[in-house]
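In the UniProt record's numbering, the protein residues as written are 1 to 170.
Accompanying notes for the structure given below.
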Amino acid sequence: MAPQGRRATRRYGGVPEMGGASASASSGAGADERPKGEDGKQGQVAAGAQPPAGGKKRGRTAGDKEQNRLKRLLRNHVSAQQARERKKAYLTELEAKAKGLELRNAELEQRVSTLQNENNTLRQVIDVSGKEFKFTWASGRGELCDIYEERQSGEDGNGLLLECGSTWRK
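So this is what it looks like as structure tokens:
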């Protein structure tokens, strides 16, 4: 009979009702047989009455044990479902983060490629034109100037020199 109860729990998502005392306990009628105190709250023992000696587990019936087992199974089921939902949310968050990082990585790779191409192009321009980029201080003014010097080529060996504020000279 227990396997049917498990199937019913899985199929319908609830705890199956058992006959006898556990059915009345689950419906709320007679669920707690402890005496009520003067203010009407359950669980308070009257001044003259003593609680039964021993622990809570001594007076259990088979129906009580079965009811507690079913409650425990239901709590475990709910807890497992919540854990699955938390895991699913966590994995969804990780997947979104991974996609974002992949996009960022692709952007950075594209930028690296662009900068490498630009660097190679500039190196070719320097090699083809024969110009070198140098910094120097202009005499007497303390300004930083760009000096382009053409490498010696061919017959005459003369180069062009550009100084701050001056014109091209041969």
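Backbone N, C-alpha and C define an ideal beta-carbon position, used for all residues, glycine too.
**Q116 to L101 span [Cα, whole Å]** = Position 116 of the sequence shown, counting from 1, holds the residue named residue 116. Position 101 of the sequence shown, counting from 1, holds the residue named residue 101. When only Cα atoms are considered, Q116 and L101 end up about 22 Å apart.
**Message:** The alpha helix (DSSP H) that contains T61, what's its start and end?
**Reply:** Translated into the one-based positions of the sequence shown, residue 61 becomes position 61. In the DSSP annotation of this structure, T61 is not part of any alpha helix (DSSP H), being labelled neither H nor E.
**Request:** Quick one: residues in its chain with C-beta nearer than 6 Å to the C-beta of A83, no 5 flanking neighbours on either side, listed in chain order?
**Result:** By one-based count along the sequence shown, residue 83 stands at place 83. Hits under 6 Å: none found.
**Request:** Mark Q67 as exposed unless 16 or more other C-beta atoms lie within 10 angstroms of its C-beta, in which case mark it buried.
**Result:** By 1-based counting over the sequence shown, the position of residue 67 is 67. With a threshold of 16 other beta carbon atoms within 10 Å, Q67 meets it and is buried.
**Message:** Using only the alpha-carbon positions, how far apart do A80 and K88 sit?
**Reply:** If you number the sequence shown from 1, residue 80 lands on position 80. If you number the sequence shown from 1, residue 88 lands on position 88. Between the alpha carbons of A80 and K88 lies a distance of about 12 Å.
**Item:** Buried versus exposed call for L103 [16 or more other C-beta atoms within 10 Å across all chains shown]
**Value:** Residue numbering aside, residue 103 sits at position 103 when the sequence shown is read from its first letter. Label assigned to L103: exposed.
**Item:** Distance between L70 and T61 (C-alpha atoms, nearest Å)
**Value:** Looking up residue 61 in the sequence shown gives position 61. Looking up residue 70 in the sequence shown gives position 70. Going from the Cα of T61 to the Cα of L70 covers about 14 Å.
**Message:** Distance check for R123 and E109, CA to CA, integer angstroms please.
**Reply:** Counted from its first residue, the sequence shown places residue 109 at position 109. Counted from its first residue, the sequence shown places residue 123 at position 123. So the two alpha carbons sit approximately 21 Å from each other.
**Prompt:** When you compare only the Cα positions, how much space is there between E93 and G63?
**Reply:** As a working mapping, residue 93 is identified with position 93 in the sequence shown. As a working mapping, residue 63 is identified with position 63 in the sequence shown. Going from the Cα of E93 to the Cα of G63 covers about 45 Å.
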